[in-house]
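Trainee: Handing you this structure, nothing more for now.
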């Protein structure tokens, strides 16, 4: 994933100005930033980072010491595709007489306990052999067994941030609290129940995946589409896998923690690409003009073609889904802890798997804080 950044670093170190802008995975860029090889977007003329075609959440949440070295815009759709949310099977909602997710969302009652209770409501031994396995029906298709990836998205959707900037733009650890502990307990109870949750590995065991490139595509494109799961969590690109699905499906945001929570929040995959400007750029004013124009123009052309026409019109099947897609796009949340690998994500996985997230945090807090302090120090020293 870091080939672009590696090549860029060599070029920059050689003082070669052959490129003005680069795109690479978010988590491939840290060394370019801390080595001082990138331009602070706040210093680039003509960029209006408050405009809708730049993501205001990114400009706030990706800054450290009020410096911003990479940004997404509507030039590329990949930023939007990196946010995961919930797909639900409408037939199973009806068959199990569950509440309509859309009505729950409209009434501001799409919360973690509601979603987890829906998951627990769907379990059926379809072939009647007395064994729950890949042939049967579950509330959710889950990821990675003990180190369940879904937990990261539910933590984020509950409004918990791994770090939060103080008034000086210095990131402070902010993930450990009673809410986090409660979320981990609630999710573990459900995801550890093999009658209602099944992993990709278990669901594909013994199957011939045929034309599918991997087990993940097989489980989503073959099993979800044939009513084996109530929920599957993935990004907007997955709609292409459901185009021939006989049962209707809907789209729902990841749930809020409770009704008091004001906003939805959607974790973005750190592997999605983002834009950066090398310090070898000899004409940042020209670059600013071009990027601002391209971002604005893409919001009028590329974004409607992909977002409005392909996703919201061709691939969704009801009037509510496009509104949910809008909601998800507006609530993408970014974590520098993921990008700079501060160890918080691995701590959350380890703590969740062990069933004691507070003791895991206590054990690893000092190491995480050391990494965070080093990041802040490196950022202070840029250009010094």
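In our numbering, the protein residues as written are 20 to 403. Each residue gets a CB set at the ideal place from its N, CA and C atoms; glycine is no exception.
(1) Skipping 5 residues on each side, what residues in its chain have a beta carbon closer than 8 Å to that of residue 246?
(2) By the DSSP assignment, the alpha helix (DSSP H) with residue 295 in it spans what residues?
(3) Say whether the region 136 to 155 touches the region 305 to 318, bearing in mind that this needs 3 or more beta-carbon pairs closer than 8 Å, one atom from each stretch.
(4) Whose C-beta lies closer than 7 Å to the C-beta of residue 222 among residues of the same chain, with five residues either side of it excluded?
(5) Where do the ends of the beta strand (DSSP E) carrying residue 216 lie?
(6) List, from N- to C-terminal side, the alpha helix (DSSP H) runs of 4 residues or more that fit wholly inside the region 251 to 316.
(7) Please report how far the alpha carbon of residue 227 lies from the alpha carbon of residue 325, in whole angstroms.
(8) Which full runs of the alpha helix (DSSP H) of 4+ residues lie inside the region 112 to 174, going along the chain?
(9) Under the rule that 16 or more other beta-carbon atoms within 10 Å means buried, what is residue 363, buried or exposed?
(10) Any contact between the region 78 to 91 and the region 41 to 59? By contact I mean 3 or more CB pairs, one from each, below 8 Å.
(11) How would you call residue 331, buried or exposed, if buried means at least 16 neighbouring beta carbons within 10 angstroms?
(12) Assuming residue 41 and residue 289 are in contact, meaning their beta carbons sit under 8 Å apart, how far apart are those beta carbons, in whole angstroms?
(13) Let me know the secondary structure DSSP gives residue 81 once reduced to three states.
(14) For residue 130, does the count of other Cβ atoms within 10 angstroms reach 16, so buried, or fall short, so exposed?
(15) In angstroms with no decimal places, state the Cα-to-Cα distance between residue 253 and residue 106.
(16) Does the region 348 to 360 come into contact with the region 280 to 295, if we say contact requires no fewer than three beta-carbon pairs (one atom in each stretch) closer than 8 Å?
(17) Using 8 Å as the cut-off, can you tell me whether the region 200 to 215 makes contact with the region 366 to 377, which would need three or more C-beta pairs spanning the two stretches below that distance?
(18) When the distance is taken between beta carbons, is residue 176 closer than 8 Å to residue 273?
(19) Just grab the DSSP bridge partners of residue 191 for me.
(20) Can residue 157 be considered in contact with the ligand NAP, in the sense that its beta carbon sits closer than 7 Å to one or more heavy atoms?
(21) If you draw a straight line from the alpha carbon of residue 158 to that of residue 299, how long is it in whole angstroms?
(22) Residues in the same chain with beta-carbon distance under 8 Å from residue 202, minus the five sequence neighbours each way, listed in chain order, please.
Mentor: The relevant details are as follows:
(1) For residue 246, the CB contacts under 8 Å within the same chain, skipping 5 residues up- and downstream, are 108, 110, 111, 156 and 266 in chain order.
(2) Where residue 295 is concerned, there is no enclosing alpha helix (DSSP H), although the beta strand (DSSP E) it sits in stretches over 292 to 295.
(3) Inter-segment contact for the region 136 to 155 and the region 305 to 318 is absent: fewer than three beta-carbon pairs are separated by less than 8 Å.
(4) Contacts found: 153, 160, 238 and 242.
(5) First-last of the beta strand (DSSP E) with residue 216: 216 to 218.
(6) Correct list: empty.
(7) C-alpha separation (whole angstroms): 33 Å.
(8) Whole alpha helix (DSSP H) segments, 4+ residues: 120 to 125 and 131 to 139.
(9) Buried: at least 16 other Cβ atoms inside 10 Å.
(10) The answer is yes - the region 41 to 59 touches the region 78 to 91, with three or more Cβ pairs under 8 Å.
(11) Label assigned to residue 331: buried.
(12) The pair is not a contact, with the Cβ atoms about 17 Å apart (cut-off 8 Å).
(13) In the structure shown, residue 81 falls within a coil segment according to DSSP collapsed to helix, strand and coil.
(14) With 16 or more other Cβ atoms within 10 Å, it is buried.
(15) Answer to the nearest angstrom: the Cα atoms are 7 Å apart.
(16) Flag = yes, the region 348 to 360 and the region 280 to 295 touch.
(17) Touching, yes, given that three or more Cβ pairs across the two stretches are closer than 8 Å.
(18) Against a cut-off of 8 Å, the Cβ pair of residue 176 and residue 273 comes out as a contact.
(19) Bridge partners of residue 191 according to DSSP: 183.
(20) As far as ligands go, the structure on display features none, and thus does not contain the ligand NAP.
(21) Taking the straight line joining both Cα atoms gives about 52 Å.
(22) Here the set comprises 131, 170, 173, 174, 177, 179 and 276.
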